[in-house]
Each structure stands twice: as C-alpha cells, then as structure tokens.
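Numbering (full-length UniProt numbering), first residue to last: 1 to 183. Glycine residues also receive a C-beta, built at the ideal position from the N, C-alpha and C atoms. All remarks here apply to the structure that follows.
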C-alpha cells in the first residue's frame, strides 16, 4: 500500500504562510544580526536557517500582541549567543553601514576619508562591552525603540535606557580619544 500525503489543515497552511512572511520580511535583518555576532558568512547563514526553523517550531508561543520583528530578533540573538558559546567566539562584530548618514555627491577623496572614519567608529563599537554593543546595535543599526529592545533582550526598560546612555558615553569617550568626535 502506497502512502499518500494528507492535505494540510487550515492551521498548517496559516503557519506555513506566516513563517514564509517572516522569512520574506526579516531574513536580511536576521542574517545581518547573526553576522554581527559571528562575523562569518557560513555561520550567519546557518544561524538564519536555525532561527526560522525555531520560529516554525515555536510559533505557538508567539503572542499575537507582540511585535513579530522583536520576536524574530530575540530568537536570533539567543541563537547567535548559543553558537558563540558552542564555537568559543569572544567578540561581537557589527556592520557599520547604517551607523552614519551617507554623503551625497561626495568626491572620491571624501568617500575614502569617510570610510576610514566608519572603520574607526566600527573599531570603537567593537571595543565596547557586549551589553552596550547589543543595545547600540538594536537602537542605531536596527532602528528599534526602547520597548522593542527590552523585549528582544529580555531586559527591563530602565536597564535598556541605562545601557544606551552609558554606551553612548563610552562610545563618545572612545571617539574623542581617537579624535573622531565632532560634537
């Protein structure tokens, strides 16, 4: 007797469609966030796949009143941290692309100078403690609000605000020492 696949239930169809939407809407952000932790394309791709697999498996735990983006990014953070523990990575590397405003109509020389500044800012961010890097990353690189950051990291609002304030101060101090802070 040959086994035939059963038609999917409405619940399974909705679950599949929802995960497909999550992947379409958040796969790039998940990959970039994962990459910022492991700084390895292959591992970031593995983490991205694992994140959406976990989303699929744990979709029943998703609260409809919660932000899907925050939920997916929280799973990403936890998955990346698990990979770091397993692989003994010790540093967080961040993409600097969203950190600065791009100059319009800049000359090649200006672009080179700006790229050097970006690299120095990236080094400054990377030299910060992880608890400050995470908050800086979510706030400036992912454009998350304080409330979304607290949900993604499992912290209370005051802790996020404190880390953001201290992180900014630390970053400013580092940049001033390097002669990069202009106000």
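Collapsing the DSSP output to three states places residue 116 in a helix. Remark: three or more beta-carbon pairs, one from each stretch, lie closer than 8 Å, so the segment 49 to 65 and the segment 16 to 33 are flagged as touching. The continuous stretches of alpha helix (DSSP H) do not include residue 154, and DSSP gives it neither H nor E.
Shown here for residue 27: same chain residues with a beta carbon closer than 7 Å to its own, the five before and five after excluded, namely 48 in chain order. Counting the other CB atoms within 10 Å of its CB gives residue 63 a total below 16, which places it among the exposed residues. Look at residue 43 here: in three-state DSSP terms it is helix. If you look at residue 131, you'll find it in the alpha helix (DSSP H) that goes 130 to 136. Counting of Cβ neighbours within 10 angstroms places residue 151 among the buried residues, the total reaching 16 or more. Here the alpha carbon of residue 159 sits roughly 18 Å from the alpha carbon of residue 142. Between residue 122 and residue 139, the C-beta gap is not smaller than 8 Å, which leaves the two residues out of contact. Taken through DSSP and simplified to helix, strand or coil, residue 73 comes out as helix. Across the structure, residue 59 and residue 179 are spaced so that their CA atoms are roughly 48 Å apart. Residue 168 and residue 72 have their C-alpha atoms some 26 Å from each other. Note on residue 113: under 16 other CB atoms within 10 angstroms of its CB, so exposed under the neighbour-count rule.
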